[in-house]
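Numbering (the numbering used here), first residue to last: 201 to 438.
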């Protein structure tokens, strides 16, 4: 051995693979690998069904395409993601999680549960930002589980302002907005924002809210019955 660096573990994804002595621990190494703002969110998008570059980007609109491309290359390099398809310009590639990437699922779920239980309590006055809630629910809706290929879900908030919001799922993916729906609603959920927020974050069960009269529906009974299953858990959403 020629020096102290010879006995230090090598770490993929660092400039020379060298880990400083203070960062030997697995938590330190893990945080160094995936602890930035975007890496785990990219993993979440692929984990929940996005495979193409554009699909991943739609789920993370605040992330620039340049940075997304860079982070995907990084995830390939450290063995979390594999890329399939041609790398030639204009060709479509698919990104899939490796066994290492799939093993991050419980980490993501635990992080989401922690944020839900400890960091995302309602504000002191109970006010809910409807625009933010709609954006989160847009991220969480699962088109493949909807009973219709194209669907408009409206929300009516009788005693609140804004009083209406909607999510539309079509060929271009989900879109959400505040105000009257652009399309005829297939199902309208009548609920107050505070109740909807509790349902979204798993603090209440939808069946309980319906039984207590805190949630109502306008539309076909079969759509109302299947509505709670249209969304992935908030702990895996933005």
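All C-beta atoms, glycine included, are put in the ideal place defined by N, C-alpha and C.
Predicted, not measured: the structure shown is a model, and the values here were computed from it.
Limits of the unbroken beta strand (DSSP E) element including residue i
i, result
"residue 366", "364–370"
Under the three-state DSSP convention, the category residue i falls into
i, result
"residue 256", "helix"
"residue 423", "helix"
"residue 434", "helix"
"residue 343", "helix"
"residue 330", "helix"
"residue 384", "coil"
"residue 416", "strand"
"residue 282", "strand"
"residue 376", "strand"
"residue 296", "strand"
"residue 238", "coil"
"residue 264", "coil"
"residue 233", "helix"
"residue 405", "coil"
"residue 349", "coil"
"residue 249", "coil"
"residue 429", "helix"
Residue i at chain D interface by Cβ criterion, 8 Å
i, result
"residue 344", "Chain labels in this structure do not include chain D; a single protein chain is all it has."
Residue burial classification, residue i (beta-carbon count within 10 angstroms, cutoff 16)
i, result
"residue 391", "buried"
"residue 284", "exposed"
"residue 324", "Note that residue 324 has pLDDT 44, beneath the 50 cutoff, so the model's placement of it is unreliable and no number is given."
Bridge partners - residue i, DSSP secondary structure assignment
i, result
"residue 355", "365 and 389"
Near the ligand COA: residue i beta-carbon under 7 Å from a heavy atom
i, result
"residue 308", "With respect to the ligand COA, the structure shown offers nothing to examine, as it has no ligands at all."
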